[in-house]
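Enquirer:
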Amino acid sequence: MAVIGALTRSSSRISSSFSSAAVAAASRPLWLPFASSSSSSSSPPPPPPRHHAGGGRSPLSHRAQIRSSAALARGFERRFASMATKNSYEGILTRLAKPGGGEFGKYYSLPALDDPRIDRLPYSIRILLESAIRNCDEFQVTGKDVEKILDWENTSPKLVEIPFKPARVLLQDFTGVPAVVDLACMRDAMNKLGGDSNKINPLVPVDLVVDHSVQVDVARSENAVQANMELEFHRNKERFAFLKWGSNAFNNMLVVPPGSGIVHQVNLEYLGRVVFNNGGMLYPDSVVGTDSHTTMIDGLGVAGWGVGGIEAEAAMLGQPMSMVLPGVVGFKLSGKLSNGVTATDLVLTVTNILRKHGVVGKFVEFYGEGMSQLSLADRATIANMSPEYGATMGFFPVDHVTLQYLKLTGRSDETVAMIESYLRANKMFVDYSEPQTERVYSSYLELNLEDVVPCISGPKRPHDRVALKEMKADWHSCLDNKVGFKGFAVPKESQNKVAEFSFRGTPAQIKHGDVVIAAITSCTNTSNPSVMLGAALVAKKACELGLEVKPWIKTSLAPGSGVVQKYFDKSGLQKYLNQLGFNIVGYGCTTCIGNSGDLDESVSAAISENDIVAAAVLSGNRNFEGRVHPLTRANYLASPPLVVAYALAGTVNIDFETEPIGTSKDGKSVYLRDIWPSNDEIAQVVQSSVLPDMFRGTYESITKGNPMWNQLSVPSGSLYSWDPASTYIHEPPYFKNMTLSPPGPYPVKDAYCLLNLGDSITTDHISPAGSIHKDSPAAKYLMERCVERKDFNSYGSRRGNDEVMARGTFANIRLVNKLLNGEVGPKTIHVPTGEKLSVFDAAMKYKSEGHDTIILAGAEYGSGSSRDWAAKGPMLQGVKAVISKNFERIHRSNLVGMGIIPLCFKAGEDADTLGLTGHERYTINLPSNVSDIKPGQDVTVVTDSGKSFTCTLRFRHRGGTCILQSWWNFAICHQEFDRCQSINVVNELNNPLSSEICGVDVV
75 MAVIGALTRS
85 SSRISSSFSS
95 AAVAAASRPL
105 WLPFASSSSS
115 SSSPPPPPPR
125 HHAGGGRSPL
135 SHRAQIRSSA
145 ALARGFERRF
155 ASMATKNSYE
165 GILTRLAKPG
175 GGEFGKYYSL
185 PALDDPRIDR
195 LPYSIRILLE
205 SAIRNCDEFQ
215 VTGKDVEKIL
225 DWENTSPKLV
235 EIPFKPARVL
245 LQDFTGVPAV
255 VDLACMRDAM
265 NKLGGDSNKI
275 NPLVPVDLVV
285 DHSVQVDVAR
295 SENAVQANME
305 LEFHRNKERF
315 AFLKWGSNAF
325 NNMLVVPPGS
335 GIVHQVNLEY
345 LGRVVFNNGG
355 MLYPDSVVGT
365 DSHTTMIDGL
375 GVAGWGVGGI
385 EAEAAMLGQP
395 MSMVLPGVVG
405 FKLSGKLSNG
415 VTATDLVLTV
425 TNILRKHGVV
435 GKFVEFYGEG
445 MSQLSLADRA
455 TIANMSPEYG
465 ATMGFFPVDH
475 VTLQYLKLTG
485 RSDETVAMIE
495 SYLRANKMFV
505 DYSEPQTERV
515 YSSYLELNLE
525 DVVPCISGPK
535 RPHDRVALKE
545 MKADWHSCLD
555 NKVGFKGFAV
565 PKESQNKVAE
575 FSFRGTPAQI
585 KHGDVVIAAI
595 TSCTNTSNPS
605 VMLGAALVAK
615 KACELGLEVK
625 PWIKTSLAPG
635 SGVVQKYFDK
645 SGLQKYLNQL
655 GFNIVGYGCT
665 TCIGNSGDLD
675 ESVSAAISEN
685 DIVAAAVLSG
695 NRNFEGRVHP
705 LTRANYLASP
715 PLVVAYALAG
725 TVNIDFETEP
735 IGTSKDGKSV
745 YLRDIWPSND
755 EIAQVVQSSV
765 LPDMFRGTYE
775 SITKGNPMWN
785 QLSVPSGSLY
795 SWDPASTYIH
805 EPPYFKNMTL
815 SPPGPYPVKD
825 AYCLLNLGDS
835 ITTDHISPAG
845 SIHKDSPAAK
855 YLMERCVERK
865 DFNSYGSRRG
875 NDEVMARGTF
885 ANIRLVNKLL
895 NGEVGPKTIH
905 VPTGEKLSVF
915 DAAMKYKSEG
925 HDTIILAGAE
935 YGSGSSRDWA
945 AKGPMLQGVK
955 AVISKNFERI
965 HRSNLVGMGI
975 IPLCFKAGED
985 ADTLGLTGHE
995 RYTINLPSNV
1005 SDIKPGQDVT
1015 VVTDSGKSFT
1025 CTLRFRHRGG
1035 TCILQSWWNF
1045 AICHQEFDRC
1055 QSINVVNELN
1065 NPLSSEICGV
1075 DVV
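Be aware that the sequence shown starts at 75, since it is given in my numbering, and climbs by one per residue.
#1: In the DSSP assignment, what residue or residues form a beta bridge with G335?
#2: Does DSSP put P734 in a helix, a strand or coil?
#3: Can you give me the Cβ contacts of D1006 inside the same chain, cut-off strictly under 7 Å, excluding the 5 residues immediately before and after it?
#4: Determine the extent of the beta strand (DSSP E) in which S1022 is found, giving its start and end residues.
#5: Quick check: the Cα distance between A186 and C210, rounded to an integer number of angstroms?
#6: Quick check: what's the CA-CA separation for D548 versus R208?
#7: Y515 by DSSP, collapsed to three states: which one?
#8: Taking the alpha helix (DSSP H) that Y996 falls in, what are its first and last residues?
#9: Decide if A171 is buried, meaning its Cβ has at least 16 other Cβ atoms within 10 Å, or exposed.
#10: The beta strand (DSSP E) spanning C529 covers which residue range?
#11: Find out if the Cβ-Cβ distance for the pair T927, Y826 is shorter than 8 Å.
#12: Is the beta carbon of P252 closer than 8 Å to that of I380?
#13: Please return the same chain residues whose Cβ sits closer than 7 Å to the Cβ of P133, not counting the five positions on each side in sequence.
#14: Below 8 Å, can you find three or more Cβ-Cβ pairs linking the segment 837-848 to the segment 213-227?
#15: For L988, which residues does DSSP report across the bridge?
#16: Under 8 Å: do the segment 279-292 and the segment 651-660 share three or more Cβ pairs, one atom per stretch?
#17: Can you give me the Cβ contacts of L477 inside the same chain, cut-off strictly under 8 Å, excluding the 5 residues immediately before and after it?
#18: Can you tell me where the beta strand (DSSP E) with M327 in it begins and where it stops?
#19: Expressed to the nearest angstrom, what Euclidean distance is found between the alpha-carbon atoms of V718 and M355?
#20: Quick one: grab the DSSP three-state call for H136.
#21: Mapping DSSP to helix, strand and coil, what is K892?
#22: Which same chain residues, not among the five before or five after G346, have their C-beta less than 7 Å away from its C-beta?
#23: According to DSSP, is A616 helix, strand or coil?
#24: Do the segment 567-583 and the segment 759-772 meet, that is, are 3 or more Cβ pairs less than 8 Å apart?
#25: Since I believe L673 is in contact with K624 (beta carbons under 8 Å), could you give me their beta-carbon distance rounded to a whole number of angstroms?
#26: From N697 to E235, what distance separates their C-alpha atoms?
#27: Count Cβ pairs between the segment 790-804 and the segment 252-268 that sit closer than 8 Å; are there 3 or more?
#28: How is the alpha helix (DSSP H) around P714 delimited, first residue to last?
#29: Taking only heavy atoms of the ligand SAM into account, decide whether any of them is closer than 7 Å to the Cβ of A457.
#30: Report all residues from its chain with a CB closer than 7 Å to the CB of P528; omit the five preceding and five following residues, and keep chain order.
#31: Out of curiosity, what's the CA-to-CA distance linking F405 and F440?
#32: Going by C-alpha distance, which of A417, L786 and A981 is nearest T602?
#33: Taking C-alpha atoms, which residue in R770, P331, E909 and Y506 lies nearest to D281?
#34: Could you tell me the distance, in whole angstroms, from the CA atom of D754 to the CA atom of G484?
#35: One question on the structure: do P807 and D876 come within less than 8 Å of each other, judged by their Cβ atoms?
#36: For F324, which of helix, strand or coil comes out of DSSP?
In structure tokens form, the structure reads like this:
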């Protein structure tokens, strides 16, 4: 039994405009502009107000109930408005004077609290404190919440919960399309039930950057950018038109068109405000995003992290997020990086250190004298990989380096002056030229930057760091080791196998460890001019010596913004990258998220027919098995210069210190050291080639789009016209059969095990983003609708279609299911019959038979990208619970949002130790009364084989007061269920729908 039906919970969390609007209107302007006249000149302008026609009426039989619901809603609005008319901390509102006269605006002053505890707080916690004070209405945010944060040193070890209201929400198109689909679907539901559908609108700025759709179909070509963009628009015309409709139909939503760059680099260089000036109210920028690498903005001193799509939609509509007040790990940096060591080497080292320390659910805050040696781009590189080291944030407080970067990227002098003045006045600015007050951290780490050495990570996980000098030995160990994160189990007699093939009429050969993909990709590195220009200098030196890259290696360069091309052109180095095959292929995520495109058929055949462990080397942030390309079993993360180096070497089976990378045109051996630029060489090129006008010019025109985007024709209505024949945008089932009564709890009894999985099942395993296999259920669905294989596109691009995504759930070809006794692939056993079926077909068979299903899993279930389809998909397949050793934070929240129960085995136990095979039937004994269900309580699971075991229910309380409201046919609770009676709203309004309405959220 789930705490509340998936439909009710999902709807309740994202359809809150009635009360949200009232609360927001009482405390700030209803439509928050992206920037006021006093804010950054580089910020996009506020969208114009729109006045849409009202929605239609519902059927006659519902009208009386609708009138009653409408009256109830108006009562809530009045109640909420009266409760939120005055901020409890208005007494500390302070004006911020401009140096030359006048004022920037007003702000809630932390120094005015005159509380000595503030000086000891980490800077990241001060941002949470300011937000709580500014939003303190004694309803959604209370004075007790403020006190919890002030007393962080004592309260954080107790795992207390606080509400947090981010300043804005960030989306990319893979996750943004489902969010807009949900909003459009909610508008339809509101309209069908007689409500005003235009009340469904974001109340905070929402920025959506289209960056996940471009694939590397064409590479090593001067025409690659145009060719790939044409294919991108051909495949994604429906999706793009839908997003363009959404940008017009919804208020407060900015859509950055395709071809503009990668979301996090655009956020860093353009969208990040650092400090908002919203109608004269100043406050720190903060953001939650539906991409786990939203943390990149932490390098700019903006608090940001990834959340699930359901949480993001609630935040869009002004609802506070419930979060555990985190511990903060203080990470002290000293010294400076040695010559030849890159920011990528540093972040892989930091990731390895923090994974060992254990920082899941914590903030990491960097400080120390070594900070002055790190550029802003270096800091952003480290912050970007917070998900890989497990932290919620990797935070770098604002200092002089931050201000210099803001000026470099084209922010106006007045904006930078406002940012500095505000942060200094509110004790949020670090000035390393002044004595530092000792801050308290939950734990401490230290790294001397001089100890960092060149390294890469792989072959299957980003935190499996390998020092470059040890790479060859590590590779041979991986060949020997049994199949696992560091093993391929290749027999000794087969390790030197040579597969002969013909590449476009030329004899060729491939061996284990040979590189077939070399990609300079991902915002992690393409936002950093030092490593990008470093790669170009490696290419220049290699070309001058006559080195070449084998023609069957798929090389590509995908910058994160147009600025990169401008500084490559300015430096004159792009031609050398082109000469080695690293032509620009597009401006988007590409290979980093699996959009690597097909390999040449001859290469694919050689790999498959000879069972070759082929390698990909990329400057990305994730290398989970099956993510980069289905045929590259070994995937290594490396700096852009090393990507070029490995492309030249053609193999990862090399010791760069002792073996040559190639032979020069005069016949001499060339080593990596011969083509590696010094730090001074790189710094000189960066200084002369990266200029503020490049950023201004790029972003002044970014929202104007491109000809293909501008030519898209979209409807103008506020309700979306669903096309039942569309294979991209499909009306989801969540709201289709709404009733005026919540569905209530449901039992999980005699459920079958759909999958029995091991450790580290990522969201890539659960809901792949990459290519759609020709033999998959999703492919069958598309072919039945006359979609040719060349137009399948990727799973990520089809997240607006629930039919495709349900079929794509657990479709990763590298999935290891214990029910299959070692066989790898997206199959499972239908237990009653013993049939081996695709996971989707088995799930549908169970559903047609009326059986629920559960999933058994090991540790770190749901790690990887924040991906709400990794919860939506299992829900649509009929999964009612996941029992694992532990869960990734965002994925656990998403599961609960879709009505799937997350249960954890007790410490020291798992399916294997309990003797569970997955052939049993499972009954989960939760109380039948919602009020008796307590987060963290023990739950007994009983099997039909006579075994029973105890699990922990992985819900957490939502702190604060319960907000009850009526959204026509839903009674809604946004806060903790066991505090509902504290307002006594149920009795006061005599609401018959409120008996089982309070959901429980997960952090």
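Every residue gets a Cβ at the ideal spot worked out from N, C-alpha and C, and that includes glycine.
Please read these numbers as outputs of a predicted model, since none were measured by experiment.
Expert: The short version:
#1: If you number the sequence shown from 1, residue 335 lands on position 261. Residue pairing by DSSP puts G335 in a beta bridge opposite S635.
#2: Here residue 734 is taken as the residue at index 660 of the sequence shown, counted from 1. Coil at P734, not helix or strand.
#3: Along the sequence shown, read from residue 1 onward, the residue named residue 1006 stands at position 932. Leaving aside the five residues that flank D1006 on each side, none in its chain has a CB nearer than 7 Å to its CB.
#4: Working through the sequence shown from its first residue, we reach residue 1022 at position 948. Segment S1022 to L1027, the beta strand (DSSP E) holding S1022.
#5: To locate residue 186, count along the sequence shown from 1; it is residue 112. To locate residue 210, count along the sequence shown from 1; it is residue 136. Cα-Cα distance, rounded: 16 Å.
#6: Locating residue 548 in the sequence shown gives position 474, where the first residue counts as 1. Locating residue 208 in the sequence shown gives position 134, where the first residue counts as 1. C-alpha of D548 to C-alpha of R208: approximately 53 Å in a straight line.
#7: Locating residue 515 in the sequence shown gives position 441, where the first residue counts as 1. DSSP places Y515 in coil when its eight states are reduced to three.
#8: To locate residue 996, count along the sequence shown from 1; it is residue 922. Following the DSSP letters along the chain, one finds Y996 in no alpha helix (DSSP H) but inside the beta strand (DSSP E) bounded by residues R995 to N999.
#9: In the sequence shown, counting from the first residue as 1, residue 171 sits at position 97. Burial call: exposed.
#10: Counted from its first residue, the sequence shown places residue 529 at position 455. Segment C529 to S531, the beta strand (DSSP E) holding C529.
#11: Position 853 of the sequence shown, counted from the first residue, corresponds to residue 927. Position 752 of the sequence shown, counted from the first residue, corresponds to residue 826. Yes. Within cutoff.
#12: As a first step, residue 380 must be located in the sequence shown, where it is residue number 306. As a first step, residue 252 must be located in the sequence shown, where it is residue number 178. Per the sequence shown, residue 380 should be read as Gly rather than Ile. Not in contact: G380 and P252 (Cβ atoms no closer than 8 Å).
#13: For the purposes of this step, residue 133 is identified with residue 59 of the sequence shown, where counting begins at 1. Confidence in P133 is poor, its pLDDT being 29 and thus under 50, which makes the residue's placement too unreliable to answer from.
#14: The segment 837-848 makes no contact with the segment 213-227; the number of CB pairs closer than 8 Å stays below 3.
#15: Mapped onto the sequence shown, residue 988 falls at position 914. DSSP lists no partner for L988.
#16: Short answer: they touch.
#17: One-based indexing of the sequence shown puts residue 477 at position 403. V490, I493 and E494, listed in sequence order.
#18: Your numbering for residue 327 matches position 253 in the sequence shown. Per DSSP, M327 belongs to the beta strand (DSSP E) from M327 to V330.
#19: Taking the sequence shown and counting its residues from 1, one reaches residue 718 at position 644. Taking the sequence shown and counting its residues from 1, one reaches residue 355 at position 281. Across the structure, V718 and M355 are spaced so that their CA atoms are roughly 48 Å apart.
#20: As a first step, residue 136 is located in the sequence shown; it is residue number 62 there, counting from the start. With a pLDDT of only 35 at H136, under 50, the local geometry of the prediction cannot be trusted, and the value read off the model is given with reservation. DSSP places H136 in helix when its eight states are reduced to three.
#21: Along the sequence shown, one-based indexing puts residue 892 at 818. Looking at K892 - three-state DSSP - the assignment turns out to be helix.
#22: One-based indexing of the sequence shown puts residue 346 at position 272. Excluding residues within five positions, the ones whose Cβ falls inside 7 Å are D359, I371, L374 and V376.
#23: The count along the sequence shown starts at 1 and reaches residue 616 at position 542. Reduced to three states, the DSSP call for A616 is helix.
#24: The segment 567-583 is not in contact with the segment 759-772.
#25: Counting from 1 along the sequence shown, the entry for residue 624 is found at position 550. Counting from 1 along the sequence shown, the entry for residue 673 is found at position 599. For a cut-off of 8 Å, the C-beta gap from K624 to L673 is around 13 Å, too long to register as a contact.
#26: For the purposes of this step, residue 697 is taken as residue 623 along the sequence shown, with counting starting at 1. For the purposes of this step, residue 235 is taken as residue 161 along the sequence shown, with counting starting at 1. Taking the Cα positions, N697 is about 34 Å away from E235.
#27: Touching, per the Cβ criterion.
#28: Translated into the one-based positions of the sequence shown, residue 714 becomes position 640. Counting along the chain, the alpha helix (DSSP H) containing P714 begins and ends at P714 to A723.
#29: As far as ligands go, the structure on display features none, and thus does not contain the ligand SAM.
#30: For the purposes of this step, residue 528 is taken as residue 454 along the sequence shown, with counting starting at 1. Here the set comprises G414, V415, D419 and L542.
#31: As a working note, residue 405 is residue 331 in the sequence shown. As a working note, residue 440 is residue 366 in the sequence shown. Counting only the Cα atoms, F440 lies some 5 Å from F405.
#32: The sequence position of residue 602 within the sequence shown is 528, counting from 1. Going by the sequence as given, residue 602 is Asn instead of Thr. Scanning A417, L786 and A981 for the CA closest to the CA of N602 turns up A417.
#33: Taking the first residue of the sequence shown as position 1, residue 281 is located at position 207. For the residues R770, P331, E909 and Y506, the minimum Cα distance to D281 belongs to P331.
#34: The count along the sequence shown starts at 1 and reaches residue 754 at position 680. The count along the sequence shown starts at 1 and reaches residue 484 at position 410. Taking the straight line joining both Cα atoms gives about 25 Å.
#35: Taking the first residue of the sequence shown as position 1, residue 807 is located at position 733. Taking the first residue of the sequence shown as position 1, residue 876 is located at position 802. Result yes, Cβ atoms of P807 and D876 sit closer than 8 Å.
#36: Against the sequence shown, residue 324 aligns to sequence position 250. Secondary structure at F324: coil, using DSSP grouped into helix, strand and coil.
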